[in-house]
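Data block below; observations after.
Protein chains in written order, with the numbering used here: chain V, 21 to 174; chain X, 8 to 167; chain H, 376 to 774; chain C, 42 to 404.
What follows is the structure, given as structure tokens:
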């Protein structure tokens, strides 16, 4: 069985265990610097084998950003959520696209909608929104004041 | 060489089988519904254009509670203006406007309505030349008592 | 002059496929670098259909948001509503009655067949065969008509609600559905007669667009696409979110991972889905609506374990008032095996009537991402069959 | 015939020089009319048959049962705006449809529709037919290049490659006919097949018939060889940029070529205008009733036309049926199929027919 209750990992990767979500998924908090190593470990270790990145998204928690990684292991059939808390002023985190290729576009999307920068990303540009879009729409303080986009009533 | 011959023969057989299957359809009746002349049979639950019902005495069934406004996923799609009658202290619906051009026909408003005053009709041919003509005001939305009764009967039959 | 020579030496050609192209299945733009007819490089450009579904959620209540998610994937709308409902139900700890779960399962599996049928038609249209498109539309029409009778709409159903479904089956629906289940396998046989062993189809699809196991997992490819590569990943079996554990079916696998394997897996999956539906229609608690009604007149027991009026036979736990519906603080991820792969709905609730954040993980998003890897060094003619075999729906990519 | 024509003009009090000048034009006018009529009917037939194969109704709005639909379409195409992009090579863009269209029209003149209904009867008719039919490709390549559109260019190039590789098995398959008939004159080839069903060329040269049938489908760019205009990848191939009358010319050329290829196959392999019996049906049935030789001639003429049309439309139906069934091949598979499969078959056929010819005639 998948085993992430290993204390040695906790110390080595500075993992903080959080409450489970309502659907009984384990959540662990990882420091931004340690994320890449943790993800590599979780993918490569034969006790965990989280071989799939289901999704990656950002959440604006008003005082900080959270980046949430949904990992999935097809071998043990287990879900895991990694949470990384980022400073709101300089949101920057290392890209995990070398570990999971799927992260490439998901990171671009998070950059597009939240403005979180992923260092070492091969091509960090807007993906869903046009390249000349102003601002990052999913931030809670986003106000659309681009007059080109104002909807002309009827 | 033998392989190639086998492949050719099986290929010819499979193509012939496929062509025979296609030919079967040549003799089947066509499934086309010749639309403008023949209309499709719509089930009673069909969600078409919205309409307002009236009571049998000709008064509005709507009581102006604005529930439909609150559940409508499109902001400002339904606009209701009410005023209080000074004599009877009842709420009078003065304006009831639906912009059908923006309606997504989700049926939320018909489900929430406490008096079943707003219902979906069978009407689905809503194409028009301008957006303005798709904005239905209260007069255009309200059905006369006879039609309202017919629609009510139909809905009740379905619920049963 | 130098530049002229340089240009004439340059062997590759840039070609811009889409956003308006007859067979990009929507509005996808691919910037291809061709050397002769061989594709050397691909750059997909997406976002033409971005409607801000995640942003819209923040300004709508849970009930206002519910009809919108059908439109994420217009070919299988039930799955998206189910994902949202499951996420909200696990946060709010809302129990769903069994009859409602069965209705969800039946509609979802029918929807999977409808979606796969349309895929089959459009895939063969990409290959150049026109007739199967019309045949699959004829069959899909039968399923869609059933949905129309049940929900009132043909594509945007808005039928599920938090804690159940909105309406019961209309009278005679179950009989019609059983008839359809009996009729369908013969029609699938007909498609297989036209397609499965056709030498041209074999030539075009075998050994093209090979997706290896490792590559697929690394890119997060799910659903029939990864099952065609031999990965046994089926959430219906492993996570059993609805009442799938009460039905008997097998996961369809293929090993080669090429376009043909994806075709085979989907065709088999349609047959399996029919089996699931057939079983579910027989097992549904409370039986047919006609039976339920007859019994309800006599049965006033209101006991929980009663077959006809107990909790299992209800449609929703209790009538939830959309005006006051709120979820407690919490977060949940609902993962569902849709027609195209795993849908994940990550829902964060802050205790108000509006969702704080909803993230949609869509299978087509990953499928478009892997496209450059699959079509590299293949001829330009293979672009559309490979892309078609991935079963991408563009509104789902852009959300 | 000319005398009659001159007499008519004389009655109308026109100088004889007009008769001399216009006499040469008449066959071409007739051919053009025939061609347009054939295409209009063929398009309607294809649409109807495809619709029935795919459980639809097909065109049924214009005229009785949609009979006038293609006329309506033709009129629409005539009135459509002729769009030409800035980037095109104007001269070649305009000339390309004509180059694609003209050779097909000449082939119509070379075909023996009945015993006497043949506009240009020359000794090397068969040779000329294939020389002309490959010219159409030049028009398509020109169209692809001059449109200055990458899809069109790819379509044009594919068409050129396809035409070159399919021309060879085609010609070798037809060579067996020349061996069997001992002539390149189309009328003589038909006459050599007289004597009922079993003296048709299809029996000694069945493989050749198959090869020619497949190659002619490829030659006129039909499914499963419709790569030059594969709409799922090349939008519409070489005619992406064309509209209005120029597009109509391409369309006309394509369907006219389809028809004439079927006529050619029935002429070469299925006995052309000859009936499948030893004798003409009208002779068998009406010989004792009608004593007038002139009326009998006309009847035989009509019957010959009927047999040719019947054979041609059977082949056309087969082609439409194939279109309804098969998907498209890939460009390299198409080439491989031609060079690795059809060409050896064509040679085998040539050798076989030669042996048969030797065995029968003994020299």
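Backbone N, C-alpha and C define an ideal beta-carbon position, used for all residues, glycine too.
Please read all numbers here as calculations on a predicted model, not as lab measurements.
Check whether the Cβ atoms of residue i and residue j sit closer than 7 Å, and answer yes or no.
i                     : j                     : result
residue 604 (chain H) : residue 577 (chain H) : no
residue 611 (chain H) : residue 712 (chain H) : yes
residue 594 (chain H) : residue 741 (chain H) : yes
residue 4 (chain X)   : residue 70 (chain X)  : No information on residue 4 (chain X) is available, as it lies outside the stretch 8 to 167 that chain X covers here.
residue 38 (chain V)  : residue 50 (chain V)  : no
residue 220 (chain C) : residue 395 (chain C) : yes
residue 179 (chain X) : residue 148 (chain X) : Outside the shown range of chain X (8 to 167) lies residue 179 (chain X), about which nothing can therefore be said.
residue 703 (chain H) : residue 717 (chain H) : no
residue 225 (chain C) : residue 167 (chain C) : yes
residue 405 (chain H) : residue 393 (chain H) : yes
residue 617 (chain H) : residue 97 (chain V)  : no
residue 92 (chain V)  : residue 72 (chain V)  : yes
Measuring straight from C-alpha to C-alpha, what distance separates residue i and residue j?
i                     : j                     : result
residue 174 (chain V) : residue 142 (chain X) : With a pLDDT of 42 at residue 174 (chain V), under the threshold of 50, the modelled position of that residue is not reliable, and the figure given next carries that caveat. When rounded, the distance between both Cα atoms is 10 Å.
residue 293 (chain C) : residue 142 (chain C) : 7 Å
residue 349 (chain C) : residue 358 (chain C) : 14 Å
residue 49 (chain X)  : residue 524 (chain H) : 8 Å
residue 461 (chain H) : residue 399 (chain H) : 32 Å
residue 106 (chain V) : residue 83 (chain V)  : 10 Å
residue 306 (chain C) : residue 105 (chain C) : 32 Å
residue 21 (chain V)  : residue 67 (chain V)  : The predicted model places residue 21 (chain V) with a pLDDT of 39, which falls under 50 and marks its position as unreliable; any figure quoted below should be read in that light. Whole-angstrom Cα-Cα distance: 7 Å.
residue 311 (chain C) : residue 242 (chain C) : 7 Å
residue 736 (chain H) : residue 496 (chain H) : 26 Å
residue 238 (chain C) : residue 246 (chain C) : 14 Å
residue 622 (chain H) : residue 721 (chain H) : 27 Å
residue 118 (chain V) : residue 745 (chain H) : 15 Å
residue 23 (chain V)  : residue 99 (chain V)  : Low local confidence applies: a pLDDT of 49 at residue 23 (chain V) is under 50, so the model's placement there is unreliable, and no value is given.
residue 635 (chain H) : residue 643 (chain H) : 12 Å
residue 88 (chain X)  : residue 444 (chain H) : 30 Å
residue 120 (chain X) : residue 466 (chain H) : 28 Å
Please return the same chain residues whose Cβ sits closer than 6 Å to the Cβ of residue i, not counting the five positions on each side in sequence.
i                     : result
residue 140 (chain X) : none
residue 262 (chain C) : 269
residue 519 (chain H) : 529
residue 486 (chain H) : 451, 453
residue 757 (chain H) : 583
residue 99 (chain X)  : 90, 92
Can you list, in chain order, the residues of its chain with a C-beta nearer than 7 Å to that of residue i? Leave out the 5 residues immediately preceding and following it.
i                     : result
residue 515 (chain H) : 489, 492, 493
residue 128 (chain V) : 144, 145, 147
residue 208 (chain C) : 175
Identify, in the order they occur along the chain, each residue of the same chain with its Cβ nearer than 8 Å to the Cβ of residue i, setting aside the five sequence neighbours on each side.
i                     : result
residue 362 (chain C) : 90, 94
residue 449 (chain H) : 530, 531, 768, 770
residue 521 (chain H) : 485, 548, 551, 552, 555
residue 664 (chain H) : 543, 544, 545, 546, 548, 549
Query raised in the report: With a cut-off of 8 Å, do at least 3 Cβ pairs link the region 721-735 of chain H to the region 616-634 of chain H?
Result: no
Requested in this report: Using a Cβ-Cβ cut-off of less than 7 Å, list which residues of the region 749-762 of chain H approach chain C; keep chain order.
Outcome: 754, 755, 756, 757, 758, 759
Query raised in the report: Quick one, which residues of the region 547-558 of chain H are near chain X if we go by CB-CB under 9 Å, in chain order?
Result: none
Report task. Would you check if the region 282-301 of chain C and the region 79-91 of chain C touch, i.e. whether three or more CB-CB distances between them fall below 8 Å? Result -> yes
Query raised in the report: With a cut-off of 8 Å, do at least 3 Cβ pairs link the region 176-189 of chain C to the region 126-136 of chain C?
Result: yes
Query raised in the report: Residues in the region 86-117 of chain C with C-beta within 9 Å of chain X's C-beta atoms, listed in sequence order?
Result: 90, 92, 93, 94, 95, 96, 97, 98, 99, 101
Query - Residues, ordered as in the chain, of the region 21-42 of chain X that lie near chain C by beta-carbon distance below 9 Å - result: 22, 25, 26, 28, 29, 30, 32, 33, 34, 35, 36, 37, 38, 39, 41
**Report entry** Selection of the region 512-523 of chain H by Cβ proximity to chain X, strictly under 9 Å
**Finding:** 512, 513, 516, 520, 523
Report task. Flag this pair as touching only if the region 23-30 of chain X and the region 364-373 of chain C have three or more C-beta atom pairs under 8 Å; answer yes or no. Result -> yes
Query raised in the report: Below 8 Å, can you find three or more Cβ-Cβ pairs linking the region 89-107 of chain C to the region 32-43 of chain X?
Result: yes
Requested in this report: Please name the residues in the region 630-644 of chain H whose beta-carbon is closer than 7 Å to at least one beta-carbon of chain C, in chain order.
Outcome: none
Query raised in the report: Quick one: any contact between the region 273-290 of chain C and the region 308-322 of chain C, if contact means 3 or more CB pairs under 8 Å?
Result: no
Query raised in the report: What residues in the region 67-80 of chain V have a beta carbon less than 8 Å from any beta carbon of chain H?
Result: 71, 72, 73, 74, 75, 77, 79, 80
**Report entry** Stretch-stretch touch, CB-based, cutoff 8 Å, three pairs: the region 566-576 of chain H with the region 502-515 of chain H
**Finding:** yes
Query raised in the report: Taking Cβ-Cβ distances below 8 Å as the criterion, which residues of the region 351-369 of chain C are in contact with chain X?
Result: 362, 363, 365, 366, 367
**Report entry** Selection of the region 435-457 of chain H by Cβ proximity to chain X, strictly under 9 Å
**Finding:** 435, 436, 438, 439, 440, 441, 442, 443, 445, 446
Report task. For the region 373-389 of chain C, enumerate the residues whose C-beta is nearer than 8 Å to any C-beta of chain H, in chain order. Result -> 373, 374
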